[in-house]
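A.B. asks: Let me begin by handing over the structure; questions about it come next.
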Amino acid sequence: MENISMQRQRPSLKPLVIILTEIESIPTQVLCDFIELTSFYFTGRIKGREYALPINFVFGLSTTPEMVFESRINASTLSRLTIRRFAVPPPSAFMEVVMKEVIHFPGVHPTYSILSYLIDGIFLCLDYSVKNFLQRLKFCILEHYLKTPHPELLILPLDGVRQYLSSLDSKSLAQIVSIDYPSLANSVLNTEANIVGTADSTSSTSTPASPLPSSSSTCQSPSSRGRRSSHHSTSRLIDKIIQHLETHLKLQYLVPRVLNWLLIIISPVTVRPLGKNMSDLYRLWLKNGLTQSEEYTMTMNLFNGISKEAFVNAIHEAYAYLLNESTSCCSTPSTSTRNTSLWSSALASIESDGKACLTALTHDTLQWHNKLSIASQEPMNKPQQQQQLQQQSNESESSTPQSTKSFTGFNTTRKISLRNLRQHLQEFAAASPGRSNVATTLTTTRTTSSSYDNKTEWDITRKEFLQWIQAKLNELIPIMNKLPLHEVFYGPLSYDSSSSSSSPALTNTSHPSSIHSQSSLSSAAFIRRRLNPTYQLYLQQALINPAIYLQIPEMKLSMSQSTSSKLFDLCILYKLLIETSRMVNLYDWLMAFATVLGESVDLENPPSQEIQCRFLQGLAELHFLGCIKSTHRKIDHVMRLPLISNIIEA
Numbered sequence: 000m001e002n003i004s005m006q007r008q009r010p011s012l013k014p015l016v017i018i019l020t021e022i023e024s025i026p027t028q029v030l031c032d033f034i035e036l037t038s039f040y041f042t043g044r045i046k047g048r049e050y051a052l053p054i055n056f057v058f059g060l061s062t063t064p065e066m067v068f069e070s071r072i073n074a075s076t077l078s079r080l081t082i083r084r085f086a087v088p089p090p091s092a093f094m095e096v097v098m099k100e101v102i103h104f105p106g107v108h109p110t111y112s113i114l115s116y117l118i119d120g121i122f123l124c125l126d127y128s129v130k131n132f133l134q135r136l137k138f139c140i141l142e143h144y145l146k147t148p149h150p151e152l153l154i155l156p157l158d159g160v161r162q163y164l165s166s167l168d169s170k171s172l173a174q175i176v177s178i179d180y181p182s183l184a185n186s187v188l189n190t191e192a193n194i195v196g197t198a199d200s201t202s203s204t205s206t207p208a209s210p211l212p213s214s215s216s217t218c219q220s221p222s223s224r225g226r227r228s229s230h231h232s233t234s235r236l237i238d239k240i241i242q243h244l245e246t247h248l249k250l251q252y253l254v255p256r257v258l259n260w261l262l263i264i265i266s267p268v269t270v271r272p273l274g275k276n277m278s279d280l281y282r283l284w285l286k287n288g289l290t291q292s293e294e295y296t297m298t299m300n301l302f303n304g305i306s307k308e309a310f311v312n313a314i315h316e317a318y319a320y321l322l323n324e325s326t327s328c329c330s331t332p333s334t335s336t337r338n339t340s341l342w343s344s345a346l347a348s349i350e351s352d353g354k355a356c357l358t359a360l361t362h363d364t365l366q367w368h369n370k371l372s373i374a375s376q377e378p379m380n381k382p383q384q385q386q387q388l389q390q391q392s393n394e395s396e397s398s399t400p401q402s403t404k405s406f407t408g409f410n411t412t413r414k415i416s417l418r419n420l421r422q423h424l425q426e427f428a429a430a431s432p433g434r435s436n437v438a439t440t441l442t443t444t445r446t447t448s449s450s451y452d453n454k455t456e457w458d459i460t461r462k463e464f465l466q467w468i469q470a471k472l473n474e475l476i477p478i479m480n481k482l483p484l485h486e487v488f489y490g491p492l493s494y495d496s497s498s499s500s501s502s503p504a505l506t507n508t509s510h511p512s513s514i515h516s517q518s519s520l521s522s523a524a525f526i527r528r529r530l531n532p533t534y535q536l537y538l539q540q541a542l543i544n545p546a547i548y549l550q551i552p553e554m555k556l557s558m559s560q561s562t563s564s565k566l567f568d569l570c571i572l573y574k575l576l577i578e579t580s581r582m583v584n585l586y587d588w589l590m591a592f593a594t595v596l597g598e599s600v601d602l603e604n605p606p607s608q609e610i611q612c613r614f615l616q617g618l619a620e621l622h623f624l625g626c627i628k629s630t631h632r633k634i635d636h637v638m639r640l641p642l643i644s645n646i647i648e649a
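Quick note on numbering: numbering that gives the first Met the number 0 labels position 462 of the sequence shown as 461, and the sequence is numbered without any gaps.
What follows is the structure, given as structure tokens:
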């Protein structure tokens, strides 16, 4: 980027900023003339203007500035400019900032398939546009909100959710558990089983000592006891739903901080299979959890090649980060704008629980830092077990010559054939059966001794620390799709992509898909259709058979290749267009159009004025859609564009 600014003569006037992207594509003479013309406004040489106009140019460059200005623009034009250079971060840097905000945002989050397609399939492959990424992400969030059952669970605070659930009848609550959110069914059934089991055990143990029923208890009717039991079970179900919602909100509070903590710990690793930023870790966690992936195992194995000093320093930096996160809002409320804006007073209890988990993690990280620091400073000591193994090795080696001396049947002074040598070796092996055992013992002893030599205090402590990290990750940020009510915040799990990809493009277009349909947002094929559709293909399909898109039964065709006069003029003209060659005769096209509409035409009876007007209007619409273009060789012909030809062949 180049910032080319002309010196302003009046500070009170705001400058006019002109941004020109891809300056290399602008002709040199046009660029020079444009700079000279704007310099007249800057110097105040324009008639009718009392003051000069300050102007700033922002030129976008994809090459070096020397190749653009010094080689193309003359000296007189360059003398009118004051050049100041600056560099803009790459689009990936802006995407990383956006992803951090998305991860920190409490509420609805995109699934792994949606996020991967938006980043890998569109952002990195097509446009590098953060604006388009945000628009598609907002579309996904809006679609999830509109199609999810009971969106009040997503947008209301926990107190409002409790009031909303209390206002529902038992049938609606049962539908939430069984149909709307299937992940909640197992949790509720397990809870009811535990409650029933506890009640049965309590009643069985207290039956012998139970007093006689009082008069008040005997007077209660079965209907009142049933209503009280139903109310009690409903309140337990509502409490369970609120508890699961709190679990997800707490998880969303911990995920970005724990991932950043892990990212600091793995920073000494030069090759990072887990990824180099929080976005990569978050996507891997959305996929199937961090600890279940091969990338996590590979990263943990790479810690063996890290120096002790770098490893300990990384843990200290992770501890400092956790200490800052767990105490920032408590000490200075204005330090974290994100916490005050997103985690409002309605989520204060969840935020406090999350801070308690971070405080415990901070304390544990400090303890491991101290252990690893002590282990890194201890010299390499050989324990008593290693000395015992060495003594066993020496004893085995000393017993080997005795077994060798016991066999004296072989004379080394005389010549022997290969067959006799094989026979003598077999006899030698039969005469000393303990020799193979001795060799095996020696090999095992040396292997055990050498492996124990490598197991220093540092290696043992480091291995325990890595195991502790895995346990903490499973405890603090478990896999989200294994938790009940994950459909509220993350949408459904991924369906089989083959079911949706094998279906035709026009399937289920009449009914917008919900998050619980086969063609949901978690399907890769459906995501591609919704977020990055092939407009030309769908336009052609809509023109061929508009009844599917417009839901008009009168326009339904028995075959997609057939033509009917009930169709729109544009559809009829398009159907006739795809049946012709690349060069289309307008007269033949008009006669065929009039014939389809039911008018009898020939050389003596041309089409009516109304048919001709409808034909010209449809011709203009096809030209506007990019289906045809005029040719300069023949006035009475038009050319079908190659794009339509490719669609027809596909």
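Cβ coordinates follow ideal geometry from the N, Cα and C atoms, glycine included.
1) Specify whether the region 297 to 314 and the region 275 to 289 touch according to this definition: at least 3 beta carbon pairs, one from each stretch, less than 8 Å apart.
2) With DSSP collapsed to three states, give me the class of THR442.
3) Whole angstroms is fine: what's the gap from PHE310's alpha carbon to PRO272's?
4) Under three-state DSSP, which class holds SER115?
5) Could you tell me which of GLN535, VAL96, LEU365, ARG235 sits nearest to ILE264, measuring between CA atoms?
6) Alpha carbon to alpha carbon, what distance is there between ILE459 and SER448?
7) If you compare alpha carbons, which of MET590, ILE547, ILE543 is closest to ILE577?
8) Quick check: what's the CA-CA separation for HIS151 versus VAL160?
9) Where does HIS485 sit, in a helix, a strand or coil, going by DSSP?
10) Going by DSSP, what residues sit across from LYS628 in a beta bridge?
11) If you pair each beta-carbon of the region 69 to 86 with each one of the region 25 to 37, do three or more pairs fall below 8 Å?
12) What's the gap between the Cα of GLN134 and the Cα of THR147?
13) What is the DSSP secondary structure of ILE54, reduced to helix, strand or coil?
14) Are the Cβ atoms of ILE610 and LEU585 separated by less than 9 Å?
15) In terms of alpha-carbon separation, which member of LEU572, ALA619, THR579 lies closest to GLN596?
16) Hey, how far is the Cα of ILE373 from the Cα of ASP363?
17) Give a yes or no on contact between the region 252 to 268 and the region 163 to 173, applying the rule of three or more CB pairs nearer than 8 Å.
18) Mark TYR534 as exposed unless 16 or more other C-beta atoms lie within 10 angstroms of its C-beta, in which case mark it buried.
19) What's the call for ASN480, buried or exposed, on a 16-neighbour Cβ count within 10 Å?
20) For PRO267, tell me which candidate among PHE122, TYR320, LYS307, GLY43 has the shortest Cα-Cα distance.
21) Runs of 4 residues minimum, wholly inside the region 144 to 176: which ones carry the alpha helix (DSSP H) assignment?
22) Measuring alpha carbon to alpha carbon, tell me which residue in LEU549, SER563, GLU426, PHE41 is nearest LYS13.
23) Contact defined as beta carbons within less than 8 Å: I believe VAL107 pairs with LEU153. What is the distance between those atoms, to the nearest angstrom?
24) Could you check the C-alpha separation between SER629 and CYS612 for me, to the nearest Å?
25) List the endpoints of the continuous beta strand (DSSP E) containing LEU15.
26) Return the chain-ordered list of same chain residues with a C-beta closer than 6 Å to the C-beta of VAL16, the five sequence neighbours on each side being excluded.
27) Expressed to the nearest angstrom, what Euclidean distance is found between the alpha-carbon atoms of GLU474 and HIS315?
28) Which stretch, first to last residue, makes up the alpha helix (DSSP H) that contains ILE45?
29) Return the chain-ordered ranges of every alpha helix (DSSP H) run that is complete within the region 84 to 140 and spans a minimum of 4 residues.
30) Are the CB atoms of LEU114 and LEU285 nearer to each other than 9 Å?
31) If you count every other CB in all the chains shown that lies within 10 Å of the CB of TYR111, and 16 or more means buried, which is it?
32) List in chain order: all unbroken alpha helix (DSSP H) runs of 4+ residues lying wholly within the region 342 to 376.
33) Short check: CB of LEU484 to CB of TYR252, under 9 Å?
34) Can you tell me where the beta strand (DSSP E) holding ASN584 begins and where it ends?
35) Closest to MET98 by C-alpha separation, out of ILE627, PRO255, ASP601, would be which residue?
36) I'd like to check one pair, ARG79 with ILE34: are the Cβ atoms closer than 9 Å?
C.D. replies: Reading from the atomic positions:
1) no
2) Confidence at THR442 is low in this model, with a pLDDT of 45, below 50, so the placement of that residue is unreliable and no value is reported for it.
3) Inter-residue distance for PHE310 and PRO272 is about 18 Å (C-alpha atoms, whole angstroms).
4) helix
5) LEU365
6) The pLDDT assigned to SER448 is 45, lower than 50, so where the model puts this residue is not dependable, and the model offers no usable value.
7) ILE543
8) The question names His, yet the displayed sequence has Glu at residue 151. If you take the alpha carbons of GLU151 and VAL160, they lie about 7 Å apart.
9) helix
10) Its beta-bridge partners are MET638.
11) Cβ pair count under 8 Å is three or more, so yes.
12) 20 Å
13) Strand.
14) Taking 9 Å as the Cβ cut-off, ILE610 and LEU585 do not qualify as a contacting pair.
15) Correcting the residue identity first, residue 596 is Leu in this sequence and not Gln. That would be LEU572, whose Cα lies nearest to the Cα of LEU596.
16) 16 Å
17) no
18) Classification of TYR534: exposed, given that the 10 Å Cβ count is below 16.
19) The residue in question, ASN480, is buried, as its Cβ has 16 or more Cβ neighbours within 10 Å.
20) LYS307
21) Listed in chain order, the complete alpha helix (DSSP H) runs (minimum 4 residues) inside the region 144 to 176 are 151 to 154, 157 to 166, 169 to 174.
22) Residue PHE41 is the option with its Cα nearest to LYS13.
23) 6 Å
24) 18 Å
25) 15 to 19
26) ASN55
27) 22 Å
28) Premise fails: ILE45 is in no alpha helix (DSSP H) and is neither H nor E.
29) 90 to 103, 111 to 115
30) yes
31) Buried, because 16 or more other Cβ atoms sit within 10 Å of the Cβ of TYR111.
32) 347 to 376
33) Not closer than 9 Å, so no.
34) Where ASN584 is concerned, the enclosing beta strand (DSSP E) stretches over 582 to 584.
35) PRO255
36) yes
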